[in-house]
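So the mapping is simple: the numbering used here equals the position in the sequence shown, first residue as 1, plus 6.
Structure first, commentary second.
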Amino acid sequence: MDHIVTEMIEHISRSHEHMARVLEAKRHVAVRMAQMVHALPDSHPDFGGMEGLMESSQAVTQSVVSYLNSIAELQETIATTVGSIMKEIEQPERDDE
7 MDHIVTEMIE HISRSHEHMA RVLEAKRHVA VRMAQMVHAL PDSHPDFGGM
57 EGLMESSQAV TQSVVSYLNS IAELQETIAT TVGSIMKEIE QPERDDE
């Protein structure tokens, strides 16, 4: 029984590690986009008029929101997984006789 739980924990750990890598990549994109926005001049920018500027701002905002949603999903997944593992560990050993 302990062997199965250990294998399950290892598998979940690898899965969470992959999700964390995806989040890290999203974070880099969001940070880079924010840096680009910060580098924009404060006056008289020419990015296709007000419409182009609004589209660019919307893209940055969507990227940040997507990143934050991904973090929330990861936290929820980890909480669910840890909860399931704790329930499995807390169950008394059963004899299969």
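Even glycine gets a Cβ: it sits at the ideal position worked out from N, Cα and C.
(request) Within the same chain, show all residues whose beta-carbon is closer than 6 Å to that of E103, passing over the 5 residues directly before and after it, in chain order. (result) With a pLDDT of 44 at E103, under the threshold of 50, the predicted position of this residue should be treated as unreliable, though the coordinate-derived value follows. None.
(request) Have a look at E79 and A85 and give me their C-alpha separation to the nearest angstrom. (result) For E79 and A85, the distance between alpha carbons rounds to 10 Å.
(request) Can you grab the Cα-Cα spacing for the pair H9 / H44, in whole Å? (result) In this model, H9 and H44 are separated by some 52 Å (Cα to Cα).
(request) Using a threshold of 8 Å, state whether the C-beta atoms of V18 and T67 are closer than that. (result) Residue identity differs from the one stated: residue 18 is Ile in this sequence, not Val. No, Cβ-Cβ distance for I18 and T67 is not below 8 Å.
(message) I need the DSSP call for L46, collapsed to helix, strand or coil.
(response) Assignment of L46 by DSSP, reduced to helix, strand and coil, places it in the coil class.
(request) State yes or no: is the C-beta of L29 within less than 8 Å of the C-beta of S90? (result) Against a cut-off of 8 Å, the Cβ pair of S90 and L29 comes out as no contact.
(request) Work out the CA separation of V71 and M97 for me, nearest whole Å. (result) Residue 97 is actually Gln in this sequence, not Met. Cα to Cα, the separation comes out at about 39 Å.
(request) Look up Q97 in the DSSP assignment and say whether it is helix, strand or coil. (result) Annotated three-state conformation of Q97 is coil, per DSSP.
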